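The structure under discussion appears below in the form of structure tokens.
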Amino acid sequence: MTINLHIDRLILDGLPMPHSQRPLLQAAVEAELTRLLTTDGLSPGLSAGGAIPHLPASSLQLPHDNSPAQLGRQIAQSVYGGIGQ
2 MTINLHIDRL ILDGLPMPHS QRPLLQAAVE AELTRLLTTD GLSPGLSAGG AIPHLPASSL
62 QLPHDNSPAQ LGRQIAQSVY GGIGQ
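In terms of the working numbering, the sequence shown opens at residue 2 and continues consecutively.
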């Protein structure tokens, strides 16, 4: 099964992330979403295809060290909660 996921915009309101760390955050989100989708798949309602125009995510706990990798994993897990099994 091939899964194509396009996130047009990811809004992180109030996140103190330096511009230089945004590529690290993006890479972490992509890697964790890939892992989750590969391991656990999509929800049955999306497995035949579809679009979700808006996906609210759960609240996140900011890492104490402001790690983009850890925050990216949390973001991906929150997004996956809305599209995964």
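Beta carbons: idealized from backbone N, C-alpha and C, even for Gly. Predicted, not measured: the structure shown is a model, and the values here were computed from it.
Scanning G83, M2 and A77 for the CA closest to the CA of Q27 turns up A77.
Under the three-state reduction of DSSP output, G85 falls in the strand class.
About 5 Å separates the beta carbons of L38 and I4, which is inside the 8 Å limit, making them a contact pair. By the CB criterion at 7 Å, L25 and P57 fall outside the cutoff. Here DSSP, grouped into helix, strand and coil, assigns L6 to coil. Inter-residue distance for L63 and D9 is about 23 Å (C-alpha atoms, whole angstroms).
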